[in-house]
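Visitor: Okay, so the sequence shown: first residue is 1 according to the UniProt record's numbering, each after it adds one.
Just so it is clear, CB atoms sit at the ideal spot from N, CA and C, and this is done for glycine as well.
Below is a structure I'd like to ask you about.
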Amino acid sequence: MIFAANLKCNHTRASFKIYADVLNKTMGVKCDDIIVFPPSIAFLESQTNFIQGAQNFYPCINGAFTGELGKEHLDEFGIKCVLIGHSERRILGDETLIKAKFDFAKEHNYKIVFCIGEDLKTKNSGKTLEFLKSQLDIIDLNYKNLIIAYEPIYSIGTGVSADIKDISSVLEYLTTLSQAPLLYGGSVNENNIKEILSIENCGGVLVGSAALKVENFIKLIKG
Ligand code: PEP
Numbered sequence: 001m002i003f004a005a006n007l008k009c010n011h012t013r014a015s016f017k018i019y020a021d022v023l024n025k026t027m028g029v030k031c032d033d034i035i036v037f038p039p040s041i042a043f044l045e046s047q048t049n050f051i052q053g054a055q056n057f058y059p060c061i062n063g064a065f066t067g068e069l070g071k072e073h074l075d076e077f078g079i080k081c082v083l084i085g086h087s088e089r090r091i092l093g094d095e096t097l098i099k100a101k102f103d104f105a106k107e108h109n110y111k112i113v114f115c116i117g118e119d120l121k122t123k124n125s126g127k128t129l130e131f132l133k134s135q136l137d138i139i140d141l142n143y144k145n146l147i148i149a150y151e152p153i154y155s156i157g158t159g160v161s162a163d164i165k166d167i168s169s170v171l172e173y174l175t176t177l178s179q180a181p182l183l184y185g186g187s188v189n190e191n192n193i194k195e196i197l198s199i200e201n202c203g204g205v206l207v208g209s210a211a212l213k214v215e216n217f218i219k220l221i222k223g
């Protein structure tokens, strides 16, 4: 199972160092199924027992892109994993280069956690699958380092995860499009993780709020 933590705009360089130290000690050895996306200012140069991923990057090596982060900057921290298409970035209007980012990350062989998810209006109109397919149409679904995270927008940060049957039918549908591991994200916590991980076709979780404290993230990993 894959356990990914999206720390969003939380944690400083100092507090993430403590987070990573605790997680490193708990894991003991390198574990490729644990991914943490800290804010970029907090990236660690030292080796970690988890995969360190970037919440955002600009599809360039370097250049005249004020305020952005290119591959050269990720390389300094050994980062080979990126998050693309998170709904919070899509909603803010900051995620306008999804295809370019995907193609760049693929070209450079990054592990890509690609987020998709519908809002409540789309869900209620019965167009979820059609909508998700349209979000996936722009990327290479056969890319070997792809992980797809299904994160219904209406369940992110609300404390209430999506209905198990809904998650299950979406994941089943996604298996017809791609062989990539499928994660569920949206208010995963210690009370619902067991049931979510027991869904057929669920290959793990992408966790926000419940992973902000390292002790809580470890509880989720340990089950
Ligand atoms: C997320 O931001 O990807 C997420 C799933 O957040 P939360 O767990 O807080 O719903």
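Which one of Ile112, Glu130 and Val113 has the shortest CA to CA distance from Asp119?
Guide: Among Ile112, Glu130 and Val113, the Cα nearest to that of Asp119 is on Glu130.
Visitor: Is Leu92 buried or exposed, if buried means 16 or more other CB atoms sit within 10 Å of its CB?
Guide: So Leu92 counts as exposed.
Visitor: Would you be able to state if there are at least three C-beta pairs under 8 Å between the segment 74 to 91 and the segment 49 to 61?
Guide: Touching, yes.
Visitor: Buried or exposed for Ile147, going by 16 or more other Cβ atoms inside 10 Å?
Guide: Buried, because 16 or more other Cβ atoms sit within 10 Å of the Cβ of Ile147.
Visitor: Going straight from the alpha carbon of Lys101 to that of Tyr58, what length do you get?
Guide: If I take the Cα positions, the gap works out to 7 Å.
Visitor: Going by the CB atoms, is the gap between Ala149 and Val113 shorter than 7 Å?
Guide: Going by C-beta atoms, Val113 is nearer than 7 Å to Ala149.
Visitor: Less than 8 Å between C-beta atoms, sequence neighbours within five positions excluded: which residues of the same chain meet that for Ile164?
Guide: Excluding residues within five positions, the ones whose Cβ falls inside 8 Å are Glu195, Ile196 and Ile199.
Visitor: Relative to the alpha-carbon of Gln47, which residue among Ile61, Asn24, Phe65 and Pro38 has its alpha-carbon at the smallest distance?
Guide: When only C-alpha atoms are compared, the closest one is Asn24.
Visitor: DSSP three-state label for Val160, please.
Guide: Of the three classes helix, strand and coil, the one that applies to Val160 here is coil, per DSSP.
Visitor: Using the Cα positions of Ile84 and Lys213, report the straight-line distance between them to the nearest angstrom.
Guide: Approximately 23 Å, taken between the alpha carbons.
Visitor: Return yes when at least one heavy atom of ligand 1 lies under 6 Å from the C-beta of Val207, else no.
Guide: Yes, since a heavy atom of ligand 1 falls inside the 6 Å radius drawn around the Cβ of Val207.
Visitor: Taking Cβ to Cβ, would you say Pro38 is nearer than 7 Å to Leu69?
Guide: No.
Visitor: Using the Cα positions of Ile167 and Ile139, report the straight-line distance between them to the nearest angstrom.
Guide: So the two alpha carbons sit approximately 22 Å from each other.
Visitor: Can you have a look at Cys9 and say buried or exposed, based on whether 16 or more other CB atoms are within 10 angstroms of its CB?
Guide: With fewer than 16 other Cβ atoms within 10 Å, it is exposed.
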